[in-house]
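Colleague: Positions 0 to 671 (numbering that gives the first Met the number 0) are the ones given, in order, by the sequence shown. Where a beta carbon is used, it is the ideal one built from N, C-alpha and C, also for glycine. All values reported here derive from a predicted model rather than from experimental measurement. Encoded as structure tokens, here's the structure I'll be asking about.
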Amino acid sequence: MPGPAVPVSSASTAPASARTAFDVASPTPSRAPAADLRGPLGRPLGTSAVRLGPGLLADWQGRNREITVPHTVREVGRAGNLENFRRLADDSRAPYAGRYPFLDTDVYKALEGVAYELGREDHSDPAVSSGCLGTTRDFYEAAVDLIARGQRPDGYVGTAFAGEGALREPWSDLAWGHEMYNLGHLVQAAVAASRQLGDQRLLAVARRFADLVVDRYGEDGEPAYCGHPEVEMALVELYRETGEPAYLRQARLFVDRRGSGTLRHSIFPAEYFQDHAPLRELTSVTGHAVRMVYLAAGATDVAVETGDTDLLAHLEHLWDDMVATKSYLTGGLGARHSDEAFGDRYELPSERAYAETCAAIGAMQWGWRLFVATGRADVLDAVERILYNAYAVGLGLEGASFFYDNPLQRRPDHEQRSGAESGGEPLRRAWFGCPCCPPNVVRWMAQLQDHVAVADDTSLTIGILTAGRIDSHALDVDVVTAYPFDGEVEVTVRRAADAPGTLALRVPAWAVGATATLEGAETTEVPGVGPGWLRVTRRWAAGERLRLRLPLRVRRVTSHPHLDATRGAVAVLRGPVVHCLEQQDAPAPVDDLVLVGARERPTSTSDPVTAYAVEGLVEIRPARSAEPYPELDETGAGPSSPVSPVTSVPLVPYYLWGNREPAAMRVWLRQS
Ligand SMILES: [Zn+2]
Numbered sequence: 000m001p002g003p004a005v006p007v008s009s010a011s012t013a014p015a016s017a018r019t020a021f022d023v024a025s026p027t028p029s030r031a032p033a034a035d036l037r038g039p040l041g042r043p044l045g046t047s048a049v050r051l052g053p054g055l056l057a058d059w060q061g062r063n064r065e066i067t068v069p070h071t072v073r074e075v076g077r078a079g080n081l082e083n084f085r086r087l088a089d090d091s092r093a094p095y096a097g098r099y100p101f102l103d104t105d106v107y108k109a110l111e112g113v114a115y116e117l118g119r120e121d122h123s124d125p126a127v128s129s130g131c132l133g134t135t136r137d138f139y140e141a142a143v144d145l146i147a148r149g150q151r152p153d154g155y156v157g158t159a160f161a162g163e164g165a166l167r168e169p170w171s172d173l174a175w176g177h178e179m180y181n182l183g184h185l186v187q188a189a190v191a192a193s194r195q196l197g198d199q200r201l202l203a204v205a206r207r208f209a210d211l212v213v214d215r216y217g218e219d220g221e222p223a224y225c226g227h228p229e230v231e232m233a234l235v236e237l238y239r240e241t242g243e244p245a246y247l248r249q250a251r252l253f254v255d256r257r258g259s260g261t262l263r264h265s266i267f268p269a270e271y272f273q274d275h276a277p278l279r280e281l282t283s284v285t286g287h288a289v290r291m292v293y294l295a296a297g298a299t300d301v302a303v304e305t306g307d308t309d310l311l312a313h314l315e316h317l318w319d320d321m322v323a324t325k326s327y328l329t330g331g332l333g334a335r336h337s338d339e340a341f342g343d344r345y346e347l348p349s350e351r352a353y354a355e356t357c358a359a360i361g362a363m364q365w366g367w368r369l370f371v372a373t374g375r376a377d378v379l380d381a382v383e384r385i386l387y388n389a390y391a392v393g394l395g396l397e398g399a400s401f402f403y404d405n406p407l408q409r410r411p412d413h414e415q416r417s418g419a420e421s422g423g424e425p426l427r428r429a430w431f432g433c434p435c436c437p438p439n440v441v442r443w444m445a446q447l448q449d450h451v452a453v454a455d456d457t458s459l460t461i462g463i464l465t466a467g468r469i470d471s472h473a474l475d476v477d478v479v480t481a482y483p484f485d486g487e488v489e490v491t492v493r494r495a496a497d498a499p500g501t502l503a504l505r506v507p508a509w510a511v512g513a514t515a516t517l518e519g520a521e522t523t524e525v526p527g528v529g530p531g532w533l534r535v536t537r538r539w540a541a542g543e544r545l546r547l548r549l550p551l552r553v554r555r556v557t558s559h560p561h562l563d564a565t566r567g568a569v570a571v572l573r574g575p576v577v578h579c580l581e582q583q584d585a586p587a588p589v590d591d592l593v594l595v596g597a598r599e600r601p602t603s604t605s606d607p608v609t610a611y612a613v614e615g616l617v618e619i620r621p622a623r624s625a626e627p628y629p630e631l632d633e634t635g636a637g638p639s640s641p642v643s644p645v646t647s648v649p650l651v652p653y654y655l656w657g658n659r660e661p662a663a664m665r666v667w668l669r670q671s
């Protein structure tokens, strides 16, 4: 953790910690796209400008590179996803492996993450010398070759509906076929390969497939769209990468057409597909949660690129409503296992939360775009909540096991069931028959640095507070922090343009009482630090430092009175991190405990699960009888329970739950 503030004795001297922490080779420069997402604070700084430094996110990224990526490559191989492409490339008569028509996307999402990791390969990275990225590069080369050779002469790519043993004819089932969803992930992998590696092979394949879709479903084509949104944001990115406006027009067509009720669906209702009403008329996020947030992310891209301020304002409304009424405390989305869908407003049961890991990722994709488009700090507050809770919990501590759904409570007698998957393993699993989440975790982890900061010619805005080295036109800085476990964020200028520039840091809404100092030749307090953006504009000099101190109080929260599922319950956070109680740490069944207080834990441990625990103060109050619905007395009081002396328990970060033996867990603890 950073030490106490030290006045800078010389404006030209960078602190030793900053020099040593980031004294590594720069990443391979990624090629600038033809256009980019942009907004009032500028454009996102990509991989060549942001390198994560020592801290939690860098640790996650290292684990991704060394463990999760190789694991995913192995599992994709084992599950037959690559063999499906080989069927087409080699004209084999083998049947399609798998029961879902979107298994190509496991390969594409893995490729997207792999492209980022291979792009970082020239770093002094032990993973390279140990050979794990050698296997990863073999996968990359094999997959690109098979995808390219499996492409049909008309440009179509899709292993489920092409070749001998195809499930159906191409384009025969737009509601469930996922063919344009597949295209979307292909495009995203291809753009990553182009930008991170300068490899255009996959981009050529993706463009031919996209051109086929534009021909078939463009302005003069069939007015149709895919049952699973995803291609919208990919087509906008393809437009940004290539400068070809037809892809942007197509994305807008798909956004505008959706909701006309033309998808021929049988099992799921129109709401599942967001096909019951146009996006611009939705009053709240609805239906299949991943579909909804992918659609909204793509629509935000369309709004930015077409200057559609009405659409952007509507998307802001949908986001705000979602965060206020349909998001779990963890940022998880999707209350219903049935249809993997959003529930009604305030329908947020803890133990039956679906909160699919993919929905967390899609919501971060949407939220990042909305932040860039609007400059709103509070949007990133919500993204950060998702990042450290609903997203992070999806991956096991060891990096090779995954949750599909992410409940906030596990009953002692719970049998884990995960969507269409049933039975089997008690907690996280190595892979799934429907493995959308694991490679999604991989690709997002690999590109965390792309979702940290934005800049324009005169300002650098750091939205996600994390250690790293950030270069921009106006300012190059080093950020040293142990956030989210420590509230001190130290930003040291390495280089400044010869003109006034603005350095901005996000101050989360919960950080009441935050302070900041500017440390140069002398140290001065920065006045007026409050939720939103801390902005300091001046003529900066190398070695000067902005130090932000966020009070990471242990906070207890309750819930909105309409949120019936958690009424009478309390949860604990520290900064953006939600905490929970696991049975291993409790002196009695977790359902018998009443939380009466919470505070910093006086002692720390080296145990990876409990190291950042806070201390909960609990009483043991078992039910007085087994009566399920005891009658109130004439004063309205229920039966009283014997109360034990207060005892303390460690409340561990929620994202780390389930890394010990299977046991009961609660985020929301009883208040009485
Ligand atoms: Zn998923």
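In angstroms with no decimal places, state the Cα-to-Cα distance between Ala10 and Asp485.
Modeller: Below a pLDDT of 50, predicted positions are generally treated as unreliable, and Ala10, at 31, falls in that range; no measurement from the model is reported.
Colleague: Just verifying my parser: in three-state terms, what is the DSSP assignment at Val651?
Modeller: Strand at Val651.
Colleague: Is Thr329 near ligand 1, in the sense that its beta carbon is under 7 Å from a heavy atom of that ligand?
Modeller: Checking every heavy atom of ligand 1 against the Cβ of Thr329, none is found closer than 7 Å.
Colleague: Using the beta-carbon count (16 or more within 10 Å), is Ser326 buried or exposed?
Modeller: When all chains shown are included, Ser326 counts as buried.
Colleague: Could you tell me whether the Cβ atoms of Leu51 and Pro43 are closer together than 8 Å?
Modeller: Not a contact, by the Cβ cut-off of 8 Å.
Colleague: Note down, in chain order, each residue of its chain lying with its Cβ closer than 6 Å to the Cβ of Leu310, except the 5 sequence neighbours on either side.
Modeller: Within the same chain, Leu310 has close Cβ partners Ala302.
Colleague: Helix or strand or just coil, what does DSSP make of Gln408?
Modeller: Strand, per DSSP.
Colleague: Only counting the same chain, and skipping five residues up and downstream in sequence, which positions put a Cβ closer than 6 Å to that of Glu163?
Modeller: Closer than 6 Å at the Cβ level, and outside the excluded window around Glu163, lie Arg92.
Colleague: Since Arg659 contacts Val589 with CB under 8 Å, what's their CB separation in whole angstroms?
Modeller: Not a contact, Cβ separation roughly 14 Å.
Colleague: For Arg427, which residues from the same chain have a beta carbon less than 7 Å from its beta carbon, with the 5 sequence-adjacent residues on both sides left out?
Modeller: Hits under 7 Å: Gly395, Ser400, Phe401, Phe402 and Gly657.
Colleague: What number of angstroms, rounded off, separates the C-alpha of Pro638 from the C-alpha of His336?
Modeller: Cα to Cα, the separation comes out at about 34 Å.
Colleague: Return the CA-CA distance between His413 and Asp404, expressed in angstroms with no decimal places.
Modeller: Approximately 14 Å between the Cα atoms of the pair.
Colleague: If we count the other Cβ atoms within 10 Å of its Cβ and call it buried at 16 or more, is Arg711 buried or exposed?
Modeller: Any answer about residue 711 is impossible in this case: the structure gives the chain only from 0 up to 671.
Colleague: For Ala481, which of Glu518, Ala541, Ala452 and Leu551 has the nearest alpha-carbon?
Modeller: Comparing Cα positions, the closest option is Leu551.
Colleague: Tell me whether Thr602 counts as near ligand 2, meaning its Cβ is closer than 7 Å to at least one heavy atom of that ligand.
Modeller: Among the ligands in the structure shown, ligand 2 does not appear; only ligand 1 can be found there.
Colleague: So Ile360 is in the beta strand (DSSP E); what residue range does that whole segment cover?
Modeller: Taken as a continuous stretch (DSSP letters only), Ile360 belongs to no beta strand (DSSP E), being part of the alpha helix (DSSP H) at Thr356 to Thr373.
Colleague: Using the DSSP secondary-structure output, state which residues sit across from Val672 in a beta bridge.
Modeller: No answer is possible for residue 672: it lies beyond the span of the chain, which begins at 0 and ends at 671.
Colleague: Where does Met664 sit, in a helix, a strand or coil, going by DSSP?
Modeller: Met664 falls in the strand class under three-state DSSP.
Colleague: Would DSSP call Val525 helix, strand or coil?
Modeller: DSSP places Val525 in coil when its eight states are reduced to three.
Colleague: For Val576, which of Ile385, Ala205 and Glu355 has the nearest alpha-carbon?
Modeller: If we check each option's Cα against that of Val576, Ile385 comes out closest.
Colleague: On the criterion of 16 or more Cβ atoms from any shown chain inside 10 Å, does Asp219 qualify as buried, or is it exposed?
Modeller: So Asp219 counts as exposed.
Colleague: With H, G and I counted as helix, E and B as strand and the rest as coil, what does DSSP make of Ala147?
Modeller: Helix at Ala147.
Colleague: Express the C-alpha separation of Met363 and Thr104 in angstroms, rounding to a whole number.
Modeller: Straight-line Cα distance between these residues: approximately 19 Å.
Colleague: For ligand 1, list every residue whose C-beta falls under 7 Å from any of its heavy atoms, going in chain order.
Modeller: Here the list is Val289, Glu355, Thr356, Cys357, Tyr403, Cys435, Cys436 and Asn439.
Colleague: Can you tell me whether Phe402 is helix, strand or coil according to DSSP?
Modeller: Coil at Phe402, not helix or strand.
Colleague: Buried or exposed, going by whether 16 or more other CB atoms sit within 10 Å of the CB of Ala570?
Modeller: It counts as buried.
Colleague: Does DSSP put Pro437 in a helix, a strand or coil?
Modeller: The answer is helix: DSSP assigns Pro437 an H, G or I state.
Colleague: Could you compute how far the alpha carbon of Gly157 sits from the alpha carbon of Gly149?
Modeller: The straight-line gap from Cα to Cα measures roughly 8 Å.
Colleague: Ala391 to Thr356, Cα distance in whole Å?
Modeller: Those two C-alpha atoms are separated by around 9 Å.
Colleague: Would you mind working out which of Ala88, Glu178 and Trp367 sits nearest Ala209, comparing C-alpha positions?
Modeller: Ranking the options by Cα distance to Ala209, first place goes to Glu178.
Colleague: Considering only C-alpha positions, which residue in the set Asp198, Pro277, Tyr155 and Leu196 is nearest to Gly183?
Modeller: When only C-alpha atoms are compared, the closest one is Tyr155.
Colleague: Work out the CA separation of Leu616 and Ser640 for me, nearest whole Å.
Modeller: The alpha-carbon atoms of Ser640 and Leu616 are separated by roughly 18 Å.
Colleague: DSSP beta-bridge partners for Asp581?
Modeller: Contrary to the premise, residue 581 reads as Glu rather than Asp in this sequence. DSSP output for Glu581 lists Met664 as bridge partner(s).
Colleague: Quick check on DSSP: helix, strand or coil for Gly61?
Modeller: Of the three classes helix, strand and coil, the one that applies to Gly61 here is helix, per DSSP.
Colleague: Just checking, does the stretch 331–350 make contact with the stretch 556–574 on the three C-beta pairs under 8 Å criterion?
Modeller: Result yes; three or more Cβ-Cβ pairs closer than 8 Å.
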